[in-house]
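S.K.:
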Amino acid sequence: NYSMFSVYGQSADNDGSKIVAGHAYVSKDAQTDSSTTDTGVESEVEGVEQEDLPSQPPPPEDTFSCYTKCMCDVSVLTAEEQAEQRRLVEEAEEQYQDAIKMINSTNRRSQKKELYDRLLKVAEMGHAKAMEKVAYAMLFGDYLPQSIPQAKEIFEKLALEGSPKAQTALGFLYAAGLGVNSSQAKALVYYTFGALGGNLVAHMILGYRYWGGVGVPQSCESALTHYRLVANHVASDVSLTGGSAVQRIRLLDEVENPGSSSGMLEEDLIQYYQFLAEKGDVQAQVGLGQLHLHGGRGVEQNHQRAYEYFNQAANAGNTHAMAFLGKMYSEGSEYVPQNNDTALHYFKKAADLGNPVGQSGLGMAYLYGRGVPVNNDLALKYFQKAAEQGWVDGQLQLGTMYYNGIGVKRDYKQALKFFNLASQAGHILAFYNLAQMHATGTGVMRSCHTAVELFKNVCERGRWSERLMAAYGSFKEGDMDSALVQYLLLAEQGYEVAQSNVAFILDQSESIFNENESYPRALLHWTRAAAQGYTVARIKLGDYHFYGYGTGVDYETAVIHYRLASEQQHSAQAMFNLGYMHEKGLGIKQDIHLAKRFYDMAAEASPDAQVPVFLALCKLGLIYAQQYLQDLNLKELLSQVDLDQLLGPEWDLYLMTVIALLLGTVIAYRQRQHQAVPRAPPAPPRPPAQPEQPAGEPEEQ
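For what it's worth, the numbering used here labels the leading residue of the sequence shown as 1, then goes sequentially.
#1: Do you know how far the Cα of residue 247 is from the Cα of residue 452?
#2: Just the C-alpha distance for residue 18 and residue 436, rounded to the nearest angstrom, thanks.
#3: Taking 6 Å as the limit between beta carbons, can you name the residues of its chain near residue 144, skipping five residues before and five after?
#4: How many Å lie between residue 126 and residue 110 at the Cα?
#5: With DSSP collapsed to three states, give me the class of residue 514.
#6: How would you label residue 31, buried or exposed, when you count the other beta carbons within 10 angstroms and need 16 or more for buried?
#7: Going by CA-CA distance only, name the one from 166, 371, 358, 429 that's closest to residue 231.
#8: For the structure I just gave you, are there three or more beta carbon pairs, one from the stretch 502 to 509 and one from the stretch 474 to 487, closer than 8 Å?
#9: In whole angstroms, what is the alpha-carbon distance linking residue 499 and residue 593?
#10: Which of the three DSSP states is assigned to residue 553 in this structure?
#11: Counting only the same chain and skipping the five closest in sequence on each side, list residues whose C-beta sits under 6 Å from that of residue 471.
#12: Going by DSSP, what residue range makes up the alpha helix (DSSP H) through residue 164?
#13: Run through the DSSP bridge pairs and tell me what residue 355 is partnered with.
#14: For the pair the stretch 215 to 228 and the stretch 410 to 427, tell me if three or more CB-CB distances fall below 8 Å.
#15: Take residue 570 and list the residues in its own chain whose beta-carbon comes closer than 7 Å to its own, dropping the five residues that flank it on each side.
#16: In angstroms, rounded to a whole number, what distance separates the CA positions of residue 202 and residue 420?
#17: Can you tell me whether residue 324 is buried or exposed? The criterion is at least 16 other CB atoms within 10 Å of its CB, across all chains shown.
#18: Taking the CB atoms as reference points, tell me whether residue 439 and residue 228 lie closer together than 8 Å.
#19: Using the rule of at least 16 other Cβ atoms within 10 Å of the residue's Cβ for burial, across every protein chain shown, is residue 608 buried or exposed?
#20: By Cβ distance below 6 Å, which residues in the same chain neighbour residue 113 in space, the five residues on each side in sequence not counted?
#21: Would residue 279 pass as an interface residue toward chain C - the criterion being a Cβ-Cβ separation below 8 Å?
#22: Of the choices 121, 81, 457, whose alpha-carbon is the least far from that of residue 92?
#23: Is residue 240 helix, strand or coil when you go by DSSP?
#24: If you pair each beta-carbon of the stretch 195 to 214 with each one of the stretch 552 to 569, do three or more pairs fall below 8 Å?
#25: In angstroms, rounded to a whole number, what distance separates the CA positions of residue 416 and residue 398?
#26: With burial defined as no fewer than 16 other Cβ atoms inside 10 Å of the residue's Cβ, what is the status of residue 236: buried or exposed?
#27: Beta-carbon within less than 7 Å of residue 379's beta-carbon, same chain only, minus the 5 sequence neighbours each way: which residues are those?
#28: Count the other C-beta atoms from every protein chain shown that fall within 10 angstroms of the C-beta of residue 620, then say buried if there are 16 or more, exposed otherwise.
#29: For the putative contact between residue 178 and residue 148, defined by C-beta atoms under 8 Å, what is the C-beta separation to the nearest angstrom?
#30: Assess, as a yes-or-no matter, whether the stretch 344 to 357 is touched by the stretch 320 to 335 under the definition of 3 or more beta carbon pairs within less than 8 Å.
Rendered as structure tokens:
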């Protein structure tokens, strides 16, 4: 638990080194009714308050919150009026719960739009949670027309009442300059109030700001405390639900490389897999089962469909499907009831056939006594078998046993080894446990920087990351304003992919901002994305300073960015640009030899650079020949020849174009000549030189 004053995430029991094993069983009594709990992406991105950090104390029975229509003085109300007021409040709450229940039970967009219209009416009755939902829907354009001014008005009313979600939203509006003049000072104040109220998104934003020194002095320790608090929540949620897949799609990569895979599965490809599964293809059944179990790649999480596919494959004898059925029964869900005996049956069946998922499941059963007596030795045995086959859950649980000394002697080095192995497969709890070890110096030298990066990774796998796909969906539908606002909030939370996507949209000058604001804002987000190691963002910074987009022309700074991208990320584009700047002497001393060296390096770094490099080297050869001839007896004659004056300042571009055309002409001519050559008719079969050999004897070749 966290005390009211634990703004920076200090645990009440001071156990900062606690790790999470994952996939803990929750009894039916402890499971909450999800039908009236807002579980959609619309709720997650608004931020979650800690349950023991109420946004405000509960009002006394004779006091009512007044927001829009109820601007009244309760003290002067009669008993009948107070009773009527109480009835209206109860009616609004009932309507809100009904609307949320129906929103969670449907995936149809048209139906959700109707339900949000109902929520809007509830919000007009002064219901605080409905007002929060409606305001965020208006901010993002989710199921309601996008209206930032209206959203801002509602947020301001709610913020005065102490709503952490509204305070965080106002902080975002001031940080991004949406509907208000940008003010980082006001943004910081609102974010701080939101964090004081327990809003996890506000904590995540503050963690990123302290980590990167955005509007505040850079402080690793402050970033650590904010990120750790959020990571505790995410890890706890993952240990119960298994987490969800996060798709990080870069808009720039998709536009510039349409053939590249974004990680999304096309609808026709999914239908093809479904066709194979219906025809009895076991691999397709298992693959679709896993997609629906975890969600991702454009497929929504659906435990019912996952169960059906796994059941079909298990009946066909697939051990992987058996093990995943055991996993579903072990963890339980709304569709598959938790049942230890059934889970154990499937785990044992799969494990006996050597399946690592089944072995790991049996290990969990013996470790926690699920359907069998607790037996740490057997748990260790099965986890080792699963880990030897590279199964990530087996590696994670082995690390947990060595960390806590369960069934083995406590060994932090072994724990670190297995957590590292599990993290290489992307297991979120492995990242969390490694972060705890680095944060506390347990088994390793304490490293705040490493701990923050690991905790940040965990935080970015929280359920609010689903907003990435919602923003991408808006972009694909052509709703740039909605996509931009969604990506802007995620960029504030520190998502590098969101920062680069914001910059890309602004770069296209298709945004809600004025045209003269687009480039400076894009420059800001390219800078933040580059600081997190994105190579293309670093090159973009060089381009912006080279051409003077959003800033003055500064060749020296452009060279710095290109050099960083070349040396740190081995970018062929950056090497080519450095070659050009050495050739021209832009921001750096002119040096033909260094220019050739960088051109050659670019060609070696990427096959795609070979044609541009060839053209650049042809041009460079001409320049070198000119300089060489100037050093001979023709010096006096050639000294009078200035190519810039003779052919213009961009003569090199004309030359490269001519060379490219000549090259294309030669290639086309060779292809036509090759096609024009008549092919010789096939030779008639030769008569056998000797009698045919008896059947069964191989023919001599």
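Idealized CB from N, CA, C, for every residue including glycine.
M.R.: Straight from the coordinates:
#1: For the purposes of this step, residue 452 is identified with residue 452 of the sequence shown, where counting begins at 1. For the purposes of this step, residue 247 is identified with residue 247 of the sequence shown, where counting begins at 1. Their backbone Cα atoms lie some 22 Å apart in a straight line.
#2: For the purposes of this step, residue 18 is taken as the residue at position 18 of the sequence shown. For the purposes of this step, residue 436 is taken as the residue at position 436 of the sequence shown. Whole-angstrom Cα-Cα distance: 7 Å.
#3: In the sequence shown, counting from the first residue as 1, residue 144 sits at position 144. Cβ neighbours of residue 144 beyond the five flanking positions: 116, 137, 138.
#4: Stepping through the sequence shown from its first residue, residue 126 is reached at position 126. Stepping through the sequence shown from its first residue, residue 110 is reached at position 110. Going by C-alpha positions, residue 126 is about 25 Å away from residue 110.
#5: One-based indexing of the sequence shown puts residue 514 at position 514. Three-state result, residue 514: coil.
#6: By one-based count along the sequence shown, residue 31 stands at place 31. Per-residue confidence for residue 31 stands at a pLDDT of 44, beneath the threshold of 50, marking its modelled position as unreliable; no derived number is given.
#7: By 1-based counting over the sequence shown, the position of residue 231 is 231. Considering only 166, 371, 358, 429, the residue with the shortest C-alpha distance to residue 231 is 429.
#8: yes
#9: In the sequence shown, the residue the question calls residue 499 occupies position 499. In the sequence shown, the residue the question calls residue 593 occupies position 593. Those two C-alpha atoms are separated by around 38 Å.
#10: In the sequence shown, residue 553 corresponds to position 553, counting from 1. Of the three classes helix, strand and coil, the one that applies to residue 553 here is coil, per DSSP.
#11: In the sequence shown, counting from the first residue as 1, residue 471 sits at position 471. Its chain contains 483, 486, 487 as the residues whose beta carbon lies nearer than 6 Å to that of residue 471, once the 5 sequence neighbours on both sides are disregarded; these appear in chain order.
#12: If you number the sequence shown from 1, residue 164 lands on position 164. 164 to 176 is the span of the alpha helix (DSSP H), which, as asked, contains residue 164.
#13: Walking along the sequence shown from the start, residue 355 turns up at place 355. DSSP, once it has assigned bridges, lists no residue as partnering residue 355.
#14: no
#15: As a working note, residue 570 is residue 570 in the sequence shown. Cβ neighbours of residue 570 beyond the five flanking positions: 605.
#16: Counted from its first residue, the sequence shown places residue 202 at position 202. Counted from its first residue, the sequence shown places residue 420 at position 420. Taking the straight line joining both Cα atoms gives about 30 Å.
#17: Here residue 324 refers to the residue found at position 324 when the sequence shown is read from its first residue. Looking at its Cβ environment, which holds 16 or more other Cβ atoms inside 10 Å, residue 324 is buried.
#18: Locating residue 439 in the sequence shown gives position 439, where the first residue counts as 1. Locating residue 228 in the sequence shown gives position 228, where the first residue counts as 1. The answer is yes: Cβ separation under 8 Å.
#19: Against the sequence shown, residue 608 aligns to sequence position 608. Exposed.
#20: Here residue 113 refers to the residue found at position 113 of the sequence shown. For residue 113, where only same-chain residues beyond five positions count, the Cβ hits under 6 Å are 143.
#21: Of the protein chains in this structure there is only one, and it is not chain C.
#22: Translated into positions along the sequence shown, residue 92 becomes position 92. Measuring from the Cα of residue 92, the nearest candidate turns out to be 121.
#23: Within the sequence shown, numbered from 1, the residue matching residue 240 stands at position 240. Residue placement at residue 240 cannot be trusted, given a pLDDT of 47 that sits under 50; what the coordinates show is reported in the next sentence. Secondary structure of residue 240 (DSSP, three-state): helix.
#24: no
#25: Here residue 416 refers to the residue found at position 416 of the sequence shown. Here residue 398 refers to the residue found at position 398 of the sequence shown. The alpha-carbon atoms of residue 416 and residue 398 are separated by roughly 10 Å.
#26: By 1-based counting over the sequence shown, the position of residue 236 is 236. Answer is exposed; the Cβ neighbour count stays below 16.
#27: Locating residue 379 in the sequence shown gives position 379, where the first residue counts as 1. Around residue 379, the same chain offers 363, 366, 367, 407 as residues with beta carbons nearer than 7 Å, after the five sequence neighbours per side are excluded.
#28: Numbered from 1 along the sequence shown, position 620 holds the residue referred to as residue 620. Looking at its Cβ environment, which holds 16 or more other Cβ atoms inside 10 Å, residue 620 is buried.
#29: As a working note, residue 178 is residue 178 in the sequence shown. As a working note, residue 148 is residue 148 in the sequence shown. Right, their Cβ atoms sit about 5 Å apart.
#30: yes
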